[in-house]
Amino acid sequence: MKAIKALVAFMGALLVAGLALLGWGLYSQSGKMATKAKPSAIVSGDFGAVSVPLPAGAQVQQALVAGDRVVLRITGGGPERLIVLDPSSGAIAGSFVLTLEAPGPR
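Going by my numbering, the sequence shown opens with residue 14, and the numbers climb by one from there.
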């Protein structure tokens, strides 16, 4: 019976120590997470008029905000593409051209 009591006490102490370490870890990381957060680029100021080149006949089908980027889905005027914009500077951060693969043999 003494062994069981000692085992239960030891396991209880391990639980308390584990919860204390978890709380300390969360507390120490919360300060780092707060400093990494950037203010929204759209709210921070203007960047002026930006020209985004599109092929003739192309249309913006969709505009999405993804984190600190704006993604435009362009259709028409060639293959469908996604253009990624940096709203803080107005520059084109990159683009993706979406192409269809030929169906494979079944």
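In this text, a Cβ means the ideal position worked out from N, Cα and C, and glycines have one as well.
I'd like to check one pair, L67 with I87: are the Cβ atoms closer than 8 Å? Mapped onto the sequence shown, residue 87 falls at position 74. Mapped onto the sequence shown, residue 67 falls at position 54. Yes; because the gap between Cβ atoms is below 8 Å, this pair is in contact.
Could you check if I96 is buried or exposed, using at least 16 other CB atoms within 10 Å of its CB as the buried criterion? Locating residue 96 in the sequence shown gives position 83, where the first residue counts as 1. I96 should be labelled buried.
Who are A104's beta bridge partners in DSSP? Your numbering for residue 104 matches position 91 in the sequence shown. Beta-bridge pairing links A104 to D99.
* List the residues that DSSP assigns as beta-bridge partners of T88. => Stepping through the sequence shown from its first residue, residue 88 is reached at position 75. DSSP, once it has assigned bridges, lists Q72 as partnering T88.
**OP:** Drop a sphere of 10 angstroms on the beta-carbon of L8, count the other beta-carbons inside from all chains shown, and report buried for 16 or more, exposed for fewer.
**Re:** There is no way to answer for residue 8, as the model of the chain reaches only from 14 to 119.
Quiz prompt | Alpha-carbon spacing of G107 relative to P92, whole angstroms | solution = As a working note, residue 107 is residue 94 in the sequence shown. As a working note, residue 92 is residue 79 in the sequence shown. So the two alpha carbons sit approximately 16 Å from each other.
Cut-off 7 Å between Cβ atoms - residues of its own chain near G90, not counting five sequence neighbours on either side: In the sequence shown, the residue the question calls residue 90 occupies position 77. Contacts found: L67, P68, A69, G70 and A71.
**OP:** Check whether the Cβ atoms of L85 and A79 sit closer than 8 Å, and answer yes or no.
**Re:** Translated into the one-based positions of the sequence shown, residue 85 becomes position 72. Translated into the one-based positions of the sequence shown, residue 79 becomes position 66. Going by C-beta atoms, L85 is not nearer than 8 Å to A79.
Suppose the cutoff is 6 Å on Cβ atoms and the five residues either side in sequence are ignored; what does the same chain contact list for V110 look like? As a working note, residue 110 is residue 97 in the sequence shown. These residues qualify, in order along the chain: P92 and R94.
- Task: Reducing DSSP to helix, strand and coil, say where V29 ends up.
- Result: Taking the first residue of the sequence shown as 1, we reach residue 29 at position 16. In this structure, V29 counts as helix in the three-state DSSP scheme.
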